[in-house]
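Down below is the structure, laid out as structure tokens.
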Amino acid sequence: MKNIRYLWILALAAVIGAPLPAAAEYPDRPITLIIPLGPGGSHDLHARGITGIISDILGQPMVVRLVPGAGGMKGTSEAAKAKADGYTLLFTHNAFDQLKPQTVDVNFNTLQDFKTVARINFAAPILVARADQPYKTFEEFVAYAKANPGKVNMGHSGVWGPAHIPASQLIKETGIKVNLIPHKGGGPALQALLAGEDQVTWIFATQTRPHYLDGKVRVLAVAGDTPLANDKDFKDVPTMAALGYSGVAFTMDRIFMAPAGMNDADLKKLRDAFEELMDHKSFQRFITSIGEEVMFMRGEEYDKLRPGRYESYTDLIKSVSGK
Amino acid sequence: MFESFLQGFELLLRWDIYFYISMGLVVGMFVGAMPGLTTVLAMAVLLPVSFNLEPMLGIPFLIGVYKGGIYGGSISAILVGIPGTGASIATTFDGPALTRQGKARKALEMALFSSTIADFLSDVATLFLIGLIAMIILKIGPPEIFSIIIFSLILIASVSSESGIRGAIAAFLGLGLGFIGTDAVTGASRMTFGIDALSGGIPLIPLIIGVFALPEILEAVESRARTFISESVDMSSAGERLRWYEFRRSIRTILRSTAIGTGIGMVPGVGQVVAAFVGYSAAKRASKTPENFGKGELDGIAGPEAANNAVNGPTLVPLLTLGIPGDNVTAILLGAFVAHGIRPGPQIFSEQGALIYALLLAIIIANVLFIFLGYVLLKPFAKAIQLKKAYLIPVILALSFVGTLSTGTTSDLAVMVVIGLCAYILRKLRFDLAPLVIAFVLAEPIEYTLSQSMLYARGDIFEYLFVQRPIASVFLTAGILWIAWMIFGPWIRGRLRQQRA
Chain U
257 MKNIRYLWIL ALAAVIGAPL PAAAEYPDRP ITLIIPLGPG GSHDLHARGI
307 TGIISDILGQ PMVVRLVPGA GGMKGTSEAA KAKADGYTLL FTHNAFDQLK
357 PQTVDVNFNT LQDFKTVARI NFAAPILVAR ADQPYKTFEE FVAYAKANPG
407 KVNMGHSGVW GPAHIPASQL IKETGIKVNL IPHKGGGPAL QALLAGEDQV
457 TWIFATQTRP HYLDGKVRVL AVAGDTPLAN DKDFKDVPTM AALGYSGVAF
507 TMDRIFMAPA GMNDADLKKL RDAFEELMDH KSFQRFITSI GEEVMFMRGE
557 EYDKLRPGRY ESYTDLIKSV SGK
Chain W
2 MFESFLQGFE LLLRWDIYFY ISMGLVVGMF VGAMPGLTTV LAMAVLLPVS
52 FNLEPMLGIP FLIGVYKGGI YGGSISAILV GIPGTGASIA TTFDGPALTR
102 QGKARKALEM ALFSSTIADF LSDVATLFLI GLIAMIILKI GPPEIFSIII
152 FSLILIASVS SESGIRGAIA AFLGLGLGFI GTDAVTGASR MTFGIDALSG
202 GIPLIPLIIG VFALPEILEA VESRARTFIS ESVDMSSAGE RLRWYEFRRS
252 IRTILRSTAI GTGIGMVPGV GQVVAAFVGY SAAKRASKTP ENFGKGELDG
302 IAGPEAANNA VNGPTLVPLL TLGIPGDNVT AILLGAFVAH GIRPGPQIFS
352 EQGALIYALL LAIIIANVLF IFLGYVLLKP FAKAIQLKKA YLIPVILALS
402 FVGTLSTGTT SDLAVMVVIG LCAYILRKLR FDLAPLVIAF VLAEPIEYTL
452 SQSMLYARGD IFEYLFVQRP IASVFLTAGI LWIAWMIFGP WIRGRLRQQR
502 A
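Those protein sequence lines, which keep their order, are chains U and W.
Using the working numbering, the first residue of the first sequence is number 257, and each one after it goes up by one.
Using the working numbering, the first residue of the second sequence is number 2, and each one after it goes up by one.
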């Protein structure tokens, strides 16, 4: 009974806008946002815009902390071991969340130790080829790779990164044999393609665009089942699902995670705050300015997808390492 | 093209651009001078500030932070022997020695002039040769990077310290430390002994502080009873400025290092550190008094400082012409461009030529501004060293810990202390630890580019490196010949002399 009365007082205080006791309301101090990646990437860029705006909604600043290393697992582990009080959050992507922990020894259980706060958007890797190659479409590429096993150099941005996963899925689905070349990130992978070291690579729309418009690269297919409908240059690029390879499904989800032990009321507040963020005018302006879209999904819904995806990656890892 | 160049000039005719550049320079200089704080982090934190400014203000501001930060790293390298970044490791060879001789201000000014002049020249070269540089960069793939690093290492080793065998041991230790953590190619963890703190490898900043700062502090504590407690470094002449004749002697070195740095700047990823070491080695080789190097030679400041700054121009080229950032700094700049709706890439000169030329010119002007700003701001730094060592050392120690913690995790502190103790022991055994650090820095690119080359080679790596890749072949062959000359050269010369006699 006492609790209920307390809630009433809280509600009343909220209605008349009286200042609340500091300890009562989350958040009452700055929130640390761990990013398990280095400076300058798309996550860093998103975070710099988002943290500036979400502090208006939460009433407390959100401070970015970049913890790269160990293929993203260093920062992820730090977030997993942080106190589950909502003052340490993680901004990551699904390869780090659902795949990478299965490939190395980690000191946390990703599905049990994290809950999703929000998915902001996703980016689909596109399969691109040099314009001087004989194949012009995805089917021609597969036929060429089958006729010339091991001849094609396919670049990617690092093992189990957002380019290596669709590449592995493609190899698994089509049975082609290509020479997979790792690079230190998407930039060097693109540079290797432009230099002619690699003939094909996987890359996101924003990075491909200038070179596509320049006539240097050809766009063969986009991973997943969602066409890039809002993209004036790439809206007609066929999806892997439409081409009959629905197993080449990896898209990079940009997700905010919280340690699983966080209390439900605070977690709901965070999730609501992110939903509110999506309607914020300056956030929308920011996302447009960096050439991205908002493709919001509430944390509750995203959490339902995670176990299934986790398992599909278990199979993929087996098929890759089984060779 | 010429028209957009002129339009670019017009964009520069407003005073607030210079105000923001200057602010960036000053902020960067102070951040860079703190041991453990990195310029890259300062840029990442200040990136949102640039979102709210128009591009002609925000991007020059960030570039100011960068340029100021690189120089700030040299300040601590010269004054207390702690390099702020990998780029200023080579500056610790002669910097602290000059400080001990009471020539701190001369060294700081030499670093300032050589840095800004080299940066200026390389930026101008970049502005005019951007198309050519872009072409060369595409010719440099993994096998070329591999062979250029190997060649540079041979060059550096050939002029380094007295004891070859100790240097080699230190270098192999560095390589070993560099292999700890995550296998860069397969992503598997290795040599971590199951310690979580090592899962991401040994981070560079704690390593640098551990190797350079802690032994220095321990040695000072150790010798307390003898000298240090009452000593404030002899600073009667610390305020003395660099003389024209002293600067004039280093002009050749600055120009040589500018050429070296601009060249190495086209090799992605490893630029500044290698350039600084090669610049130092070349200056030592060309010097009439190589025996003074390492004991406080102004040319030993000019060599690495000019070279590491000359890298800056060419590293902008892949960013501007291809939209590809070569390192963390250019990645953050790309973020700033993108947030303003500017997409660097092949079309940028036709679409936004005026803006890009204006930015390049602003970068060049930033160097000129920095000469004046730095000249004025050096005084408090040169003064700080006049503190009694009894005060200075605890302050440095505290700053090192705070700095490490601010950019890393608590486990980094443990890594730093352990490395510091080991480094102290190695120093007692008269090991030179600079080869350890450069080998550590280069371990990953060497391994990575070699693995990539082997994948490209599909089998025969030697045929691939020496036959299929002419540029790689030239560097590797030159390196081998150099080693042969170092081993047999004295013998051959001796024989020739005998015959003549």
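C-beta atoms are modelled at their ideal positions from N, C-alpha and C, and glycine is treated no differently.
As the structure is a computational prediction, the values presented were derived from the model and not from experiment.
Which chain U residues are close to residue i, counting only those with a beta carbon under 9 Å from its beta carbon?
i	result
R344/W	T462, R465, P466, G547
N313/W	Chain U residues near N313/W: none, gap ~16 Å exceeds 9 Å.
Between residue i and the rest of its own chain, which residues show a CB-CB distance below 8 Å, the 5 nearest in sequence each way excluded?
i	result
Q353/W	I343
L335/W	L320, G324, P326, P345
N435/U	G406, K407, V408, N409, M410
S311/U	P317, M318
Tell me which same chain residues have a C-beta within less than 6 Å of the C-beta of residue i, skipping the five on either side of it?
i	result
I364/W	I64, D124
P216/W	A424, Y425, R428
I83/W	P36, S77, F213, A214
L268/U	Per-residue confidence for L268/U stands at a pLDDT of 47, beneath the threshold of 50, marking its modelled position as unreliable; no derived number is given.
CB-CB under 7 Å to residue i, same chain, minus the five flanking residues each way: which ones, in chain order?
i	result
Q463/U	G442, L446
P446/W	I146, I150, G270, V271
E306/W	S75, T92, A112, S115, S116
Y569/U	Q354, L355, Q358
I255/W	S115, I118, A119, A303, A307
G262/W	A119, S123, A276, G280, A307, A308, N309, N310, A311, V312
L450/U	H467, K472
P56/W	H341, I343, L356
P277/U	Low confidence applies here, because P277/U scores a pLDDT of 45, under 50, leaving its location unreliable; read the following figure in that light. Nothing meets the Cβ criterion.
How would you list, in chain order, the residues of chain U whose beta-carbon sits under 7 Å from the beta-carbon of residue i?
i	result
I333/W	P295, G296
P66/W	At residue 66/W the sequence reads Val, which differs from the Pro that was named. Simply none; closest approach about 13 Å.
L48/W	R304
N329/W	G294, P295, G296
L139/W	L450, A451
What's the C-alpha gap between residue i and residue j?
i	j	result
I481/W	P395/W	47 Å
G547/U	L301/U	11 Å
K429/W	R101/W	20 Å
K524/U	Q540/U	22 Å
L370/W	D454/U	43 Å
K285/W	M508/U	50 Å
G177/W	F278/W	20 Å
I60/W	A359/W	11 Å
T40/W	K488/U	38 Å
L301/W	I90/W	Position check: residue 301/W holds Gly in this sequence, whereas Leu was assumed. Distance between the alpha carbons of G301/W and I90/W is about 12 Å.
G555/U	T348/U	13 Å
I493/W	A502/W	14 Å
V419/W	A169/W	22 Å
A326/U	H412/U	18 Å
K339/U	R527/U	18 Å
F338/W	A399/U	40 Å
D341/U	G308/U	21 Å
Closest to residue i by CA distance: which of the options is it?
i	options	result
P390/U	P483/U, L436/U, A401/U	A401/U
T411/W	G301/W, D328/W, P204/W, L99/W	P204/W
A287/W	A221/W, L156/W, L414/W, G211/W	L156/W
L422/W	A214/W, V32/W, G70/W, F52/W	A214/W
N365/U	S577/U, S311/U, P563/U	P563/U
V268/W	G103/W, I357/W, A185/W, S148/W	S148/W
D197/W	D413/W, A479/W, F350/W	D413/W
I397/W	F173/W, P144/W, V222/W	V222/W
L466/W	P144/W, A126/W, F31/W, I138/W	P144/W
A435/W	F338/W, L174/W, W492/W	L174/W
K440/U	G297/U, V384/U, E557/U, P286/U	G297/U
I376/U	A338/U, A461/U, L533/U, G294/U	L533/U
L1/W	G165/W, F432/W, G314/W	The requested residue 1/W does not occur in the structure, where chain W is confined to residues 2 to 502.
By the criterion of Cβ-Cβ separation under 8 Å, what are the contact partners of residue i in chain U?
i	result
S190/W	A326, V360, D361
D197/W	S333, N363
Chain W partners of residue i, CB-CB under 9 Å?
i	result
N409/U	L456, Y457
ask   = Which residues, in chain order, does the region 323-349 of chain U contribute to contact with chain W at a C-beta distance below 8 Å?
value = V323, P324, G325, A326, G327, M329, K330, S333, E334
ask   = In the region 357-383 of chain U, which residues sit with their C-beta less than 8 Å from some C-beta in chain W, listed in chain order?
value = For the region 357-383 of chain U, the residues whose beta carbon sits under 8 Å from a beta carbon of chain W are, in order, T359, V360, D361, N363.
request  = Quick one: which residues of the region 443-458 of chain W get their C-beta closer than 7 Å to a C-beta of chain U? List them in chain order.
outcome  = Y449, Q453, L456, Y457
Chain W contacts made by the region 433-447 of chain U, where a contact means CB separation under 8 Å = N435, L436, I437, P438, H439, K440, G443, P444, L446, Q447
query = Looking at chain W, which residues of the region 481-496 of chain U have a Cβ within less than 7 Å of any of its Cβ atoms?
reply = none
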